[in-house]
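Below is one structure, written out as C-alpha cells, with a few remarks after it.
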Amino acid sequence: MDHFQYRDGVMHAEDLPLPVIAEQVGTPCYVYSRATLERHARVFREGLEKAGDIHLAFAVKANPNLAVLRILANQGYGADVVSGGELERALAAGMKAEDIVFSGVGKSRSELLLGLDRGIGQFNLESEEEGIMLAEIAAARGQKAPATLRVNPDVDAGTHAKISTGKKENKFGVAIDIAPDIYQRLSELDGLDLRGVAVHIGSQLQQLEPLEKCYERMGQLVEQLRGAGHEITHVDLGGGLGVPYTPDENPPSPADYGDMVARVTKGWNVTLMFEPGRVIAGNSGVMMTQVIRIKPGVNSDFVIVDAAMNDLMRPAIYDAWHHFEAVRPTGETMTASIVGPICESSDIFAKEREVDRVVTDDLGIFRTAGAYGATMANTYNSRPLVPEVLVDGDRYAVVAERIEPATIMAAEHVPDWLKQGG
Ligand code: LLP
Numbered sequence: 001m002d003h004f005q006y007r008d009g010v011m012h013a014e015d016l017p018l019p020v021i022a023e024q025v026g027t028p029c030y031v032y033s034r035a036t037l038e039r040h041a042r043v044f045r046e047g048l049e050k051a052g053d054i055h056l057a058f059a060v061k062a063n064p065n066l067a068v069l070r071i072l073a074n075q076g077y078g079a080d081v082v083s084g085g086e087l088e089r090a091l092a093a094g095m096k097a098e099d100i101v102f103s104g105v106g107k108s109r110s111e112l113l114l115g116l117d118r119g120i121g122q123f124n125l126e127s128e129e130e131g132i133m134l135a136e137i138a139a140a141r142g143q144k145a146p147a148t149l150r151v152n153p154d155v156d157a158g159t160h161a162k163i164s165t166g167k168k169e170n171k172f173g174v175a176i177d178i179a180p181d182i183y184q185r186l187s188e189l190d191g192l193d194l195r196g197v198a199v200h201i202g203s204q205l206q207q208l209e210p211l212e213k214c215y216e217r218m219g220q221l222v223e224q225l226r227g228a229g230h231e232i233t234h235v236d237l238g239g240g241l242g243v244p245y246t247p248d249e250n251p252p253s254p255a256d257y258g259d260m261v262a263r264v265t266k267g268w269n270v271t272l273m274f275e276p277g278r279v280i281a282g283n284s285g286v287m288m289t290q291v292i293r294i295k296p297g298v299n300s301d302f303v304i305v306d307a308a309m310n311d312l313m314r315p316a317i318y319d320a321w322h323h324f325e326a327v328r329p330t331g332e333t334m335t336a337s338i339v340g341p342i343c344e345s346s347d348i349f350a351k352e353r354e355v356d357r358v359v360t361d362d363l364g365i366f367r368t369a370g371a372y373g374a375t376m377a378n379t380y381n382s383r384p385l386v387p388e389v390l391v392d393g394d395r396y397a398v399v400a401e402r403i404e405p406a407t408i409m410a411a412e413h414v415p416d417w418l419k420q421g422g
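Here the sequence shown stands for residues 1 to 422, where the numbers follow UniProt numbering.
Shown next as C-alpha cells:
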C-alpha cells in the first residue's frame with residue numbers, strides 16, 4: 001500500500017496535489033511519500049520480528065537520499081553500504097556506525113580503512129583475499145574487524161539475469177562448498193573477529209522458494225561451522241524481496257517472508273540480519289514528468305515526455321515496467337509509446353502500451369520509482385540531474401536539488417595549453 005492516490009480527479013502524494021510540486025519544483029522530478037516509507041519500514045520489521053533477534057540494514061544503493069535515510073534511521077534501521085560514499089551518507093543521515101554493514105565485491109584498501117576508522121558494525125567479506133587485506137589493516141591499527149563471510153549458495157533466484165547474484169558463476173561471495181575451509185583460515189587471523197556468514201541471491205524476487213532453499217543451505221553451513229568449533233552469532237540473510245511493478249505481479253509479503261524465515265532459522269540462535277532496499281523504497285516514490293508533445297508514429301503515437309532514460313534507467317537497462325498514469329486522467333485511454341528526448345532508441349519507458357490519454361503539457365507519473373530511480377540517474381545528453389522531493393502530509397521539501405549543466409561544467413576545465421592552441 002502506498003500514499004499516491006487520486007482525490008477529486010487529481011493525483012496526490014499524501015495530502016498534496018502533484019501539480020503543486022510540478023509548478024513549484026518543475027519536472028521531471030522524483031516525489032517520495034514519508035508515510036509510505038515509514039509504513040513499509042514498519043511492515044517489514046513486523047513481518048520479521050517473529051523470527052527472533054533481528055538487525056535491519058536498509059540497502060542504501062536503493063535510495064541514498066539523506067532525507068530518506070534519516071526517516072529510516074528514525075525507524076531504527078541501520079544501513080547496508082557498498083562504497084565509502086554510501087558509508088559517509090549513512091553516517092551523515094544519522095545512522096549509528098555500529099548499525100552499518102559494509103557489503104560489496106570490491107571494497108578498496110581505503111574503503112576498508114574508512115570502515116575501520118568509523119567503527120562500523122560489520123564487514124561482509126566477499127573473498128578470502130579481502131579478508132586477508134582487512135585483517136592486515138585492522139591488525140596494524142590494533143583493531144579486530146567484525147566480519148562475516150559472504151557465501152555464494154548456487155541458487156537461482158529466478159529474477160532478471162542482471163540482478164541475480166547467487167549462482168555459482170556470479171562474482172559474489174565464495175562458493176558454499178569451499179566456504180568452511182576459507183572460514184577456518186580467516187578465523188585464524190588476528191585482525192578479524194569472524195562471527196558468521198552472509199548471503200544475498202538477487203533482487204526483485206517473486207517467490208520465496210529460492211530464498212528458502214538458500215537459507216536451508218545456510219543452516220547446514222552454520223551447523224558445519226559450529227561443528228568445526230567456530231562461534232557463529234550473526235547470519236546476514238540479505239535483501240531481495242520484490243515489489244509489484246505491474247498489476248499481475250504478486251511478490252511475497254513481508255509477513256509470509258517472516259513466517260518462512262522463522263520456520264527455517266528456528267534453533268539457529270543467532271542475530272538475523274536483513275538488507276532490504278526495494279521493498280522499503282520502491283512504492284514510496286514516483287517520477288513525475290510533463291508531456292512535451294505527441295508525435296504520430298507508424299504503429300502508435302509517441303508521447304514525448306520531459307523525463308528520459310538518464311532520469312530513470314530501469315526500463316532501458318532491464319526492460320523494466322513502470323506503470324504510467326496521468327496526474328489528471330480524463331477516463332479515456334490511448335495506445336502509445338512513451339519516450340524521452342534522448343538520442344537513443346533505448347530511451348523508451350513504455351512500448352505501444354494502453355495508457356491514460358494525455359496531451360501536450362499534461363503531467364504524468366511513473367510509479368514504483370522510489371528504489372533504483374534517482375540513485376541511478378545521470379546527466380547524459382547534458383541534461384540536469386533530476387531533483388527529489390519529499391512529501392509529508394500537505395507539506396513538501398526539495399530533498400535533492402536539480403543540478404544544472406552549469407554546475408557540472410564548473411567542475412570541468414579546459415587546460416590553458418589547449419586554450420593557447422598549443
Ligand atoms: N544486499 C546486497 C548485498 C545487494 O547486492 C542488494 C542489491 C541488496 C541487499 C538490496 O536488494 P533489494 O532488497 O533492493 O532487492 N539496479 C537494480 C537492482 C540492483 C540490486 C543490487 N543489489 C534494479 O533497478 O532493479
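Beta carbons: idealized from backbone N, C-alpha and C, even for Gly.
Here the structure is a predicted model, which is why all the values come from computation and not from measurement.
Assuming the contact rule is C-beta atoms closer than 8 Å, residue i and residue j should be a hit. Round their C-beta distance to whole Å, please.
i, j, result
"Leu149", "Ala228", "Rounded, the Cβ-Cβ distance is 13 Å, inconsistent with contact."
"Glu388", "Asn65", "6 Å"
"Asp256", "Leu211", "The Cβ separation is near 11 Å, so there is no contact."
"Gly131", "Asn152", "So it is not a contact: roughly 15 Å between Cβ atoms."
"Phe123", "Ala97", "12 Å between Cβ atoms; not a contact."
"Leu241", "Pro254", "7 Å"
"Arg314", "Ala320", "4 Å"
"Leu18", "Leu363", "7 Å"
Sort the options by Cα distance to residue i and report the nearest one.
i, options, result
"Lys107", "Val235, Phe44, Leu87, Met273", "Leu87"
"Gly239", "Asp259, Met273, Val264", "Met273"
"Thr159", "Asp356, Asp177, Val81, His200", "His200"
"Gln206", "Ala307, Met218, Asn250, Pro296", "Asn250"
"Leu103", "Val327, Ser284, Gly115", "Just to set this straight, residue 103 is Ser in the shown sequence, not Leu. For Ser103, the nearest C-alpha among the options comes from Gly115."
"Gly340", "Glu130, Tyr32, Val291, Gln24", "Val291"
"Tyr318", "Arg328, Ile348, Leu125, Arg293", "Ile348"
"Val31", "Val60, Met287, Asp156, Ala90", "Met287"
"Ser203", "Val386, Ala371, Val298, Arg118", "Ala371"
"Gln75", "Ala51, Ser83, Val101, Val43", "Val43"
"Glu275", "Glu23, Pro384, Asn63, Thr27", "Asn63"
"Ala73", "Arg89, Arg45, Met95, Val82", "Met95"
Nearer than 7 Å: is that true of the beta carbon of residue i relative to any heavy atom of ligand 1?
i, result
"Val279", "yes"
"Lys61", "yes"
"Ala371", "yes"
"Asp80", "yes"
"Pro276", "yes"
"Ile163", "yes"
"His230", "no"
"His200", "yes"
"Gln204", "yes"
"Tyr6", "no"
"Ser103", "yes"
"Met287", "no"
"His45", "Sequence inspection shows Arg at residue 45; the His mentioned does not correspond to that position. Because no heavy atom of ligand 1 lies under 7 Å away, the Cβ of Arg45 does not count as near it: no."
"Leu149", "no"
"Tyr318", "yes"
"Gly376", "It is Met, not Gly, that sits at residue 376 in the sequence shown. Met376: yes, Cβ under 7 Å from ligand 1."
"Arg89", "no"
Let me see if you follow: with CB-CB separation under 8 Å, is residue i close to chain B or not?
i, result
"Gly78", "Annotation note: the requested chain B is absent from the structure, which comprises a single protein chain."
For the segment 100–165, list the alpha helix (DSSP H) runs that are entirely contained and at least 4 residues long, ordered along the chain.
109–118, 128–140
Mind listing, in chain order, the continuous alpha helix (DSSP H) runs of no fewer than 4 residues lying wholly within the segment 179–233?
179–187, 209–227
Ordered list of alpha helix (DSSP H) runs contained in the segment 23–104, each at least 4 residues:
34–49, 66–74, 84–92
Along the chain, which unbroken stretches of the beta strand (DSSP E) at least 3 residues long are found entirely within the segment 301–330?
Taking 3 residues as the minimum length, the beta strand (DSSP E) runs contained wholly in the segment 301–330 are 301–305, 324–326, in order along the chain.
Could you tell me which whole alpha helix (DSSP H) segments of length 4 or greater appear in the segment 382–418?
405–409, all fully within the segment 382–418.
Length-filtered (3 minimum) beta strand (DSSP E) runs lying within the segment 237–313
DSSP runs (the beta strand (DSSP E)) wholly in the segment 237–313: 271–274, 285–295, 301–305.
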